[in-house]
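What follows is a short report on a single structure.
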Amino acid sequence: GIQVEQSPPDLILQEGANSTLRCNFSDSVNNLQWFHQNPWGQLINLFYIPSGTKQNGRLSATTVATERYSLLYISSSQTTDSGVYFCAVERAAGNKLTFGGGTRVLVKP
Amino acid sequence: KAGVTQTPRYLIKTRGQQVTLSCSPISGHRSVSWYQQTPGQGLQFLFEYFSETQRNKGNFPGRFSGRQFSNSRSEMNVSTLELGDSALYLCASRLLPSQGTQYFGPGTRLLVL
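Structure representation (structure tokens):
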């Protein structure tokens, strides 16, 4: 099956810093989503981004489908950005998301 | 529009028992998927249902089963519980299979003693 690798596995930031999270995948996909998992376990949708670039406030994402990677940018980080960020991909007609291992982010005040 | 809801939110069972978890999708969504999250294995796909039919199934033993009702609500069942079934079970819905964003519910946290 498709492989999804996220890096780095852990990230410690000072409040106000910028950061980049990376997601590499091993095959063509027709769906790529970024999630933030809150402390209670819920997966919060950040982006649906199978290709191109999107921005939502301090967060933005870029997917280069031809090179099989996606980047999530966090700018001016806040303590509320702490948590685990997951990338998940789906192949055409795959009917399921395959998740990466996540990046655990800690933003210190 | 209300989000995906899951019941119960927390559950404690003992080995050998069985459990049924429920998921109500976002109104209008007809595709429902289930995922298991554990510290060791991460997030893994269990199965997807659409129009009351299982369309895809992950690599889990037959003790894990599910179904979908005509109103798109879904249930999953785990029989003969094992300690390793302790996990967060997440349900997701979307309009149609293989299309668009999947929206996740808050999850059911199952502890097997």
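Protein sequences, first through last, are from chains A and P.
One point on numbering: in my numbering, the residue at position 68 of the first sequence is 68, and numbering is uninterrupted.
Here my numbering = 1-based position in the second sequence + 109.
All residues carry an ideal CB built from backbone N, CA and C; glycine is no exception.
Considering only residues of the same chain and omitting the five flanking positions on each side of residue i, which have a CB-CB separation below 6 Å?
{"i": "A:Arg68", "result": "Phe25"}
{"i": "P:Ile121", "result": "Leu220"}
{"i": "A:Ala88", "result": "Gln33, Leu97, Phe99"}
{"i": "P:Arg182", "result": "Ser133"}
{"i": "A:Ser7", "result": "Arg22"}
{"i": "A:Arg104", "result": "Asp10, Val84"}
{"i": "A:Thr20", "result": "Leu71, Tyr73"}
{"i": "P:Ser188", "result": "Gln127, Arg172"}
Give the C-beta separation of residue i and residue j to the nearest angstrom, bearing in mind that I take them to be a contact with Cβ-Cβ under 8 Å.
{"i": "P:Gln211", "j": "P:Ala196", "result": "So it is not a contact: roughly 19 Å between Cβ atoms."}
{"i": "A:Leu72", "j": "A:Leu59", "result": "7 Å"}
{"i": "A:Asn30", "j": "A:Pro50", "result": "6 Å"}
{"i": "P:Arg218", "j": "A:Gly41", "result": "7 Å"}
Helix, strand or coil for residue i, going by three-state DSSP, please let me know.
{"i": "A:Gly1", "result": "coil"}
{"i": "A:Ala135", "result": "With chain A covering only 1 through 109, there is no way to say anything about residue 135 of chain A."}
{"i": "P:Lys210", "result": "For clarity, residue 210 of chain P is Thr in the given sequence; the question names Lys instead. The answer is coil: DSSP assigns P:Thr210 none of H, G, I, E or B."}
{"i": "A:Thr66", "result": "helix"}
{"i": "A:Asp10", "result": "strand"}
{"i": "P:Thr129", "result": "strand"}
{"i": "P:Thr123", "result": "coil"}
{"i": "P:Val221", "result": "strand"}
{"i": "P:Arg118", "result": "coil"}
{"i": "A:Leu97", "result": "coil"}
Using DSSP bridges, identify the partner residues of residue i.
{"i": "A:Ser60", "result": "A:Gln55, A:Tyr73"}
{"i": "A:Gln37", "result": "A:Leu43, A:Val84"}
{"i": "A:Thr118", "result": "Residue 118 of chain A lies beyond the range of chain A shown here (1 to 109); nothing can be said about it."}
{"i": "A:Arg104", "result": "A:Asp10, A:Val84"}
{"i": "A:Gln28", "result": "In the sequence as displayed, the identity of residue 28 of chain A is Ser instead of Gln. Paired residue(s): none; A:Ser28 is not in a bridge."}
Beta-carbon within less than 7 Å of residue i's beta-carbon, same chain only, minus the 5 sequence neighbours each way: which residues are those?
{"i": "P:Phe169", "result": "Leu155"}
{"i": "A:Gln78", "result": "Glu15, Val107"}
{"i": "P:Gly167", "result": "Gln153, Phe154, Leu155, Phe156"}
Taking 8 Å as the limit between beta carbons, can you name the residues of its chain near residue i, skipping five residues before and five after?
{"i": "P:Phe159", "result": "Arg139, Ser140, Val141, Gln177, Leu205, Pro206"}
{"i": "A:Pro39", "result": "Gly83"}
(message) Suppose only complete runs of 3+ residues qualify. What are the beta strand (DSSP E) ranges in the stretch 137-219 of chain P, listed by chain order?
(response) 140-147, 151-159, 162-166, 173-177, 183-187, 196-203
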